[in-house]
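Numbering (numbering that gives the first Met the number 0), first residue to last: 0 to 347. For every residue, glycine included, the Cβ atom is placed at its ideal position computed from N, Cα and C.
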Amino acid sequence: MSSQSATKARRLYAYEVTPQRNAKEPVAPPGGQVKSIGGVSGAIDETTSGIGAGKWIDADLQIDSASEDRSHVIRNHAIAVAFGTDAEALDAAGRIAQHLSNCTDDRSKDALLMIVVAEDDKETEVKLWTFPQDSVFQFELAVGQQAGPSVRTLEAFSRGSHLRKAAIFRGKNRRTDFLSCRVVDFQVNASARAAADFWIERFLDARLSLGSVLGTKLLGKVLRETVAKAEDADERLELVGAAQAVRQSNREKWSIDSFARELLPEPARTRLLAHPAAQRNGDSMFALNRDVFDKLINFRVYQLDTGVWVSAPFTTEPKGMTIKDDGDQRHLTAAGYVVSESVRSRHA
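In structure tokens form, the structure reads like this:
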């Protein structure tokens, strides 16, 4: 999904959003549909294209992928703005503005919310931009030669502010689209993390996502290093079993947090979530890359004709084990001292 696609705007909405998170009776933000959209949508396109590719962040809406309608407050309204009738689109745009106002607390200034619907020959794009209010100077030259210039202070909405934020959805009106977006939030890596959480987590109800390969590598690294620190064989087997379960799952996306909380019992869960990489990226979503995961885990399972199972995960060259060709069959020999023993209903 590109944040800089060549699209043609067909709908534009603007609202002045006042912080009302703690308001007992929040009021509807003033605004509505902008009829003359050419110049403004061009300025929005310029602002969008001016953001470097490395500044855009992928985020996934917090939606149960197994649900039938995949209902989500932002997704539902964004789809209505893009594909609904004029009345439905206007109502949905107002609801997005109200939701933003209800999510914004007094630490933020008033902001201008711009919602642009554009499309190309393949897909429709919905841009959500917020520009914070700022004090600016207006300079004017006097008409007469004797008078000097005048300067006035005004309140305006800044297109270049470091506090501006954006979310861009792109897709078609179908069940598999508008589940993720690209986000600009310059506060994500700042110390004011709560302010960053407001846009991505509270307003969009989303989580940062990792690329499939990077996310899989992080999970593999956390698993390998947690297994190495496991205190006993049972904990190690639980970690290995969770690795097998995630490998066989048909789930679309995982995070390190969801892996640990759904597949691991205590104390393995706490140990894995204490890993520094899990602390930093635990809630970031990613699609599991099975080829990458298999190479990282290097999980090998051998079933012998004697009824014995031999497994050797997380190691490239298991010590004390050899496999030799014996005619049309392969002969496995494993030798070593037993350091722990347990009875289980299934092998790891």
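Check: Just reading off the alpha helix (DSSP H) that Glu-230 is part of, what are its end residues?; Outcome: Premise fails: Glu-230 is in no alpha helix (DSSP H) and is neither H nor E.
Check: Please classify Leu-127 as buried or exposed, where buried requires at least 16 neighbouring CB atoms within 10 angstroms.; Outcome: buried
Check: May I have the straight-line CA-CA distance separating Ala-189 from Asn-249, to the nearest angstrom?; Outcome: With a pLDDT of only 45 at Ala-189, under 50, the local geometry of the prediction cannot be trusted, and the value read off the model is given with reservation. Going from the Cα of Ala-189 to the Cα of Asn-249 covers about 36 angstroms.
Check: Using CA coordinates, which residue listed in Asp-324, Ser-211, Asp-184, His-274 is at the minimum distance from Val-226?; Outcome: His-274
Check: Consult DSSP for Trp-198 and reduce its assignment to one of helix, strand or coil.; Outcome: helix
Check: Could you pull the start and end residues of the beta strand (DSSP E) that Ala-58 belongs to?; Outcome: 56-60
Check: Ala-79 and Ala-88: beta carbons closer than 8 angstroms?; Outcome: yes
Check: What separation, rounded to the nearest whole angstrom, lies between the Cα atoms of Ser-48 and Val-116?; Outcome: 16 angstroms
Check: For Ser-349, which residues in the same chain have their Cβ closer than 6 angstroms to its Cβ, ignoring the five residues on either side in sequence?; Outcome: Since the displayed the chain opens at 0 and closes at 347, residue 349 lies outside it and no answer follows.
Check: Tell me the rounded alpha-carbon separation between Asp-120 and Arg-174.; Outcome: 20 angstroms
Check: How is Thr-321 classed by DSSP in three states: helix, strand or coil?; Outcome: strand
Check: Leaving aside the five residues before and after Glu-139 along the sequence, list all residues of the same chain whose C-beta is less than 7 angstroms from its C-beta, in chain order.; Outcome: Pro-148, Ser-149
Check: Can you tell me the Cα-Cα spacing of Thr-103 and Lys-164, whole angstroms?; Outcome: 13 angstroms
Check: Counting C-beta neighbours from all protein chains within 10 Å, is the total for Tyr-12 16 or more, i.e. buried, or is it exposed?; Outcome: buried
Check: Within 10 Å of its beta-carbon, does Lys-216 have 16 or more other beta-carbons around it, so buried, or fewer, so exposed?; Outcome: buried
Check: By DSSP, does Ser-254 sit in helix, in strand, or in coil?; Outcome: coil
Check: Specify the secondary structure class of Ala-8 as computed by DSSP and reduced to three states.; Outcome: strand
Check: With a Cβ-Cβ cutoff of 8 angstroms, do Ser-254 and Ser-283 count as a contact?; Outcome: yes
Check: From which residue to which residue does the alpha helix (DSSP H) around Pro-275 run?; Outcome: 275-280
Check: So, with DSSP's three-state summary, where would you put Asp-212?; Outcome: For the record, residue 212 in the displayed sequence is Val; it is not Asp. Three-state result, Val-212: helix.
Check: DSSP on Asp-85, reduced to helix/strand/coil?; Outcome: helix
Check: Check whether the stretch 83-98 touches the stretch 229-237, taking contact to mean three or more Cβ pairs, one atom from each stretch, closer than 8 angstroms.; Outcome: no
Check: Following the continuous beta strand (DSSP E) through Asp-184, name the residue where it begins and the one where it ends.; Outcome: 179-184
Check: Under 7 angstroms Cβ to Cβ from Ala-141, same chain only, skipping five residues before and after it: list those, please.; Outcome: Gly-147, Pro-148, Ser-149
Check: If Asp-176 sits next to Trp-198, beta carbons under 8 angstroms apart, how far is it from one beta carbon to the other, in whole angstroms?; Outcome: Going by Cβ atoms, the distance from Asp-176 to Trp-198 rounds to 22 angstroms, so no, they are not a contact pair.
Check: Where does the unbroken alpha helix (DSSP H) through Ala-42 begin, and where does it stop?; Outcome: 37-48
Check: Could you give the DSSP three-state label for Ser-100: helix, strand or coil?; Outcome: helix
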